[in-house]
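S.K.:
Numbering (my numbering), first residue to last: 127 to 691.
Following this line, the structure appears as structure tokens:
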């Protein structure tokens with residue numbers, strides 16, 4: 127064997143055993159040489175690829191028109207004398223599709239110009255890149271775009287709307303009371319709920335609309351190419367109805383709702399950050415209006431948000447001086463049969479450094495949203511308990527005070543377990559305290575809330591259901607949770623007249639409560655006529671301005687002193 131023959135044999139052996147696909151093309155992009163690895167990638171034999179009468183162009187094996195054009199462009203660059211390297215997707219009919227990195231170099235031979243190519247399989251690399259790209263741009267739980275990708279899409283939609291002189295709407299949605307599901311059923315149930323919520327949301331919008339999960343339980347929708355803005359309201363109502371349907375979470379049925387904020391381009395803003403801020407503000411307005419609704423951005427919301435930020439900051443400062451910043455006032459709860467005062471409701475007031483006393487309706491929702499209510503509620507319990515101990519010693523041995531407990535406190539692993547120890551320290555029985563809860567708390571009762579309600583009962587602490595008649599709780603909860611009292615909401619009492627619908631409803635609530643062994647307290651009693659009608663109906667207690675406004679402890683003692691003279 128000559129040296130030339132040996133070199134050709136060695137070269138052929140190297141080409142055949144190479145870990146890359148090696149090939150030679152003519153100027154028509156047809157195969158002249160292809161090693162076995164490349165043949166296997168293309169699903170063709172050497173004869174079908176390289177025999178004179180069967181030669182096929184490499185473009186026959188490329189995955190789509192975009193990649194075919196990509197190959198042609200690079201081939202033309204190489205024909206001009208330039209070596210090229212690029213990534214290309216091949217999808218042969220007889221073999222698996224794959225990504226390859228192709229290097230092409232021109233070679234001048236006596237027989238004419240030829241082109242040597244090396245193809246390296248980069249499919250795993252592309253898969254890793256795709257995975258990293260998806261992780262960076264998409265939410266792994268729902269599959270929706272994340273905040274980063276959403277910003278990109280929204281900015282593209284803004285450009286598109288600008289070019290077409292069209293309107294566009296941005297919706298931001300936040301699930302109402304989602305944290306309660308996490309707290310009561312666990313994070314696995316919360317994740318399942320988010321997946322189902324995302325699936326429902328997808329069915330409410332068009333395929334061309336962009337949906338994203340911004341984080342937590344907050345979603346966003348871009349409604350582009352709007353011919354009429356009325357369609358936004360239709361979509362919002364569809365979403366509200368869809369989310370009102372029960373969610374089934376591994377045997378648990380959960381009822382939820384969502385609050386929606388909407389802003390428009392270009393009417394409200396023309397930049398991503400401004401639009402998102404506007405939609406957020408509108409969404410929070412929907413929550414403050416009672417949840418389960420859609421709110422549209424208006425300029426006054428900017429002022430409201432700024433005021434809320436100031437309130438949050440002031441409230442955080444107030445936590446550092448709880449005793450100086452907050453005070454409790456007390457409203458008597460009068461026994462209608464005797465006129466005696468052996469009960470009171472403790473109500474918190476905030477002594478703001480510049481705004482004087484702030485009503486709880488103004489700051490309690492913010493305290494709940496920020497969970498500052500946990501520390502505030504703990505202070506309320508301890509301060510009220512000390513006051514009860516004094517009044518039990520000075521006025522009535524069985525005096526009882528009602529304390530409002532936030533759903534946030536009931537769903538949180540807060541300091542409630544220390545409250546029982548504190549009562550023992552003050553030598554107070556559980557019967558000295560009444561915990562007032564709302565009907566809404568009982569809609570999604572989890573194990574944590576159930577344990578706390580049973581702990582109250584075991585300690586002798588009574589439970590009152592506040593604002594009764596305005597919520598949606600089942601009557602079965604009375605039996606399940608040992609509710610001791612119901613408080614008829616003042617909306618039924620304020621227009622109380624003989625033979626009126628409100629009178630009939632009050633009589634029915636009183637009769638039902640008594641049948642179940644519960645006492646009844648009527649709120650908002652302001653006139654002797656209301657009092658007398660409630661007495662005739664058999665109501666046990668009354669509370670309202672007819673007797674007294676909520677007053678500081680020293681003024682309340684004056685009421686007790688006059689009673690016991």
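Note that the Cβ used here is the ideal one computed from N, Cα and C, for glycine as well.
(1) Using the three-state DSSP reduction, which class does residue 420 fall into: helix, strand or coil?
(2) At a cut-off of 8 Å, would you count residue 299 as near the ligand COA, judging by its Cβ distance to the nearest heavy atom?
(3) Of all the options 278, 686 and 448, which has the alpha carbon lying nearest to the alpha carbon of residue 514?
(4) So what's residue 676 in DSSP terms, helix, strand or just coil?
(5) Could you give the distance in angstroms between the alpha-carbon of residue 215 and the alpha-carbon of residue 499?
(6) Kindly list the residues whose CB is nearer than 7 Å to the CB of residue 160, restricted to its own chain and excluding five residues on each side of it in sequence; keep chain order.
(7) Which residues in the same chain as residue 616 place their Cβ atom closer than 7 Å to its Cβ, once the five residues preceding and following it in sequence are excluded?
(8) Can you look up residue 193 in the DSSP assignment and give me helix, strand or coil?
(9) Give me, in chain order, the residues of the same chain whose beta-carbon lies closer than 8 Å to that of residue 281; leave out the 5 immediate sequence neighbours on both sides.
(10) State the beta-bridge partners of residue 564 as determined by DSSP.
(11) In three-state DSSP terms, what is residue 494?
(12) If contact is defined by three or more beta carbon pairs under 8 Å, each pair taking one atom from either stretch, is the region 401-418 in contact with the region 293-303?
(13) Go to residue 455, then tell me how far its alpha helix (DSSP H) extends in each direction, as first and last residue.
(14) In angstroms with no decimal places, state the Cα-to-Cα distance between residue 319 and residue 373.
(15) Quick check: what's the CA-CA separation for residue 276 versus residue 296?
(16) Would residue 198 be called buried (16 or more neighbouring beta carbons within 10 Å of its own) or exposed?
(17) With 16 other CB atoms within 10 Å as the buried threshold, where does residue 627 fall?
(18) Just the C-alpha distance for residue 697 and residue 147, rounded to the nearest angstrom, thanks.
(19) For residue 682, collect the residues of the same chain with a Cβ closer than 6 Å to its Cβ; drop the 5 residues on either side in sequence, then sort them by chain order.
(20) Ignore the nearest five residues each way along the sequence and tell me which others in residue 204's own chain have a CB closer than 8 Å to its CB.
(21) Pick helix, strand or coil for residue 691, following the three-state DSSP scheme.
(22) Rounded to a whole number of angstroms, what is the C-alpha to C-alpha distance between residue 575 and residue 585?
(23) Between which two residues does the beta strand (DSSP E) containing residue 298 stretch?
(24) Can you tell me whether residue 371 is buried or exposed? The criterion is at least 16 other CB atoms within 10 Å of its CB, across all chains shown.
(25) I'd like to know if the region 514-526 and the region 561-568 are in contact, where contact means that at least 3 CB-CB pairs between them fall below 8 Å.
(26) Is residue 239 helix, strand or coil when you go by DSSP?
(27) Do you know whose CA, among 596, 619 and 587, lies nearest residue 608's CA?
(28) By Cβ distance, which residues of its chain are closer than 8 Å to residue 631, with the 5 residues on each side in sequence left out?
(29) Any idea if residue 656 is buried or exposed, counting beta-carbon neighbours within 10 angstroms, 16 or more meaning buried?
(30) May I ask you to list the residues that DSSP assigns as paired with residue 669?
(31) For residue 435, name the three-state secondary structure that DSSP assigns.
(32) Give the DSSP-derived three-state secondary structure of residue 108 in the structure shown.
(33) What's the gap between the Cα of residue 178 and the Cα of residue 184?
(34) Using the Cα positions of residue 691 and residue 625, report the straight-line distance between them to the nearest angstrom.
(35) Could you compute how far the alpha carbon of residue 485 sits from the alpha carbon of residue 324?
(36) Let me check understanding here. Comparing Cα to Cα, which of 434, 365, 653 and 429 lies closest to residue 330?
M.R.: In short, the structure shows the following:
(1) Sequence index remark: in the chain shown, residue 420 carries index 294 (1-based). Of the three classes helix, strand and coil, the one that applies to residue 420 here is strand, per DSSP.
(2) Among the ligands in the structure shown, none appear at all, so the ligand COA cannot be discussed.
(3) Taking the chain shown and counting its residues from 1, the one referred to as residue 514 is at position 388. Selected option, being the one with the closest Cα: 686.
(4) Along the chain shown, one-based indexing puts residue 676 at 550. Three-state DSSP puts residue 676 in coil, outside helix and strand.
(5) Residue numbering aside, residue 215 sits at position 89 when the chain shown is read from its first letter. Residue numbering aside, residue 499 sits at position 373 when the chain shown is read from its first letter. Rounded to whole angstroms, residue 215 to residue 499 spans 58 Å at the Cα level.
(6) The residue given as residue 160 occupies position 34 in the chain shown. Here the set comprises 149, 172, 175 and 176.
(7) As a working mapping, residue 616 is identified with position 490 in the chain shown. So the qualifying residues of the chain are 649 and 650.
(8) Taking the first residue of the chain shown as 1, we reach residue 193 at position 67. The answer is helix: DSSP assigns residue 193 an H, G or I state.
(9) To locate residue 281, count along the chain shown from 1; it is residue 155. Contacts found: 398.
(10) By one-based count along the chain shown, residue 564 stands at place 438. 592.
(11) Residue 494 sits at position 368 when you count from the first residue of the chain shown. DSSP places residue 494 in helix when its eight states are reduced to three.
(12) yes
(13) By one-based count along the chain shown, residue 455 stands at place 329. Unbroken run through residue 455 is the beta strand (DSSP E), 452-461; no alpha helix (DSSP H).
(14) To locate residue 319, count along the chain shown from 1; it is residue 193. To locate residue 373, count along the chain shown from 1; it is residue 247. Approximately 7 Å, taken between the alpha carbons.
(15) Position 150 of the chain shown, counting from 1, holds the residue named residue 276. Position 170 of the chain shown, counting from 1, holds the residue named residue 296. One C-alpha to the other measures close to 11 Å.
(16) For the purposes of this step, residue 198 is taken as residue 72 along the chain shown, with counting starting at 1. So residue 198 counts as exposed.
(17) For the purposes of this step, residue 627 is identified with residue 501 of the chain shown, where counting begins at 1. Per the 10 Å Cβ criterion, exposed.
(18) Any answer about residue 697 is impossible in this case: the structure gives the chain only from 127 up to 691.
(19) For the purposes of this step, residue 682 is taken as residue 556 along the chain shown, with counting starting at 1. For residue 682, where only same-chain residues beyond five positions count, the Cβ hits under 6 Å are 456.
(20) Start at 1 with the first residue of the chain shown, and residue 204 comes out as number 78. So the list reads 210, 230, 231, 232 and 241, once near-sequence residues are dropped.
(21) Here residue 691 is taken as the residue at index 565 of the chain shown, counted from 1. Caution is warranted here: a pLDDT of 49 is assigned to residue 691, below 50, making its placement in the model unreliable, and the coordinate value is therefore given only provisionally. Looking at residue 691 - three-state DSSP - the assignment turns out to be coil, as it is neither helix nor strand.
(22) For the purposes of this step, residue 575 is taken as residue 449 along the chain shown, with counting starting at 1. For the purposes of this step, residue 585 is taken as residue 459 along the chain shown, with counting starting at 1. Rounded to whole angstroms, residue 575 to residue 585 spans 15 Å at the Cα level.
(23) Walking along the chain shown from the start, residue 298 turns up at place 172. Note, residue 298: beta strand (DSSP E), 293-302.
(24) Translated into the one-based positions of the chain shown, residue 371 becomes position 245. Burial call: exposed.
(25) no
(26) For the purposes of this step, residue 239 is taken as the residue at position 113 of the chain shown. Strand, per DSSP.
(27) As a position in the chain shown, residue 608 is number 482, starting the count at 1. The candidate whose alpha carbon is nearest that of residue 608 is 587.
(28) Position 505 of the chain shown, counted from the first residue, corresponds to residue 631. Once the five neighbours on either side are set aside, the close Cβ partners of residue 631 are 595 and 618.
(29) Taking the chain shown and counting its residues from 1, the one referred to as residue 656 is at position 530. Buried.
(30) Counted from its first residue, the chain shown places residue 669 at position 543. Residue 669 pairs with 649.
(31) For the purposes of this step, residue 435 is taken as the residue at position 309 of the chain shown. In the structure shown, residue 435 sits in a helix (DSSP, three-state: H, G or I).
(32) With the chain covering only 127 through 691, there is no way to say anything about residue 108.
(33) Within the chain shown, numbered from 1, the residue matching residue 178 stands at position 52. Within the chain shown, numbered from 1, the residue matching residue 184 stands at position 58. Cα to Cα, residue 178 sits roughly 15 Å from residue 184.
(34) If you number the chain shown from 1, residue 691 lands on position 565. If you number the chain shown from 1, residue 625 lands on position 499. Because residue 691 carries a pLDDT of 49, less than 50, the predicted location of this residue cannot be relied on, and the following value inherits that uncertainty. Between residue 691 and residue 625, the C-alpha separation is close to 39 Å.
(35) Here residue 485 corresponds to residue number 359 of the chain shown, with the count starting at 1. Here residue 324 corresponds to residue number 198 of the chain shown, with the count starting at 1. Distance between the alpha carbons of residue 485 and residue 324 is about 38 Å.
(36) On the chain shown, position 204 is the one that residue 330 refers to. Per the Cα distances, 365.
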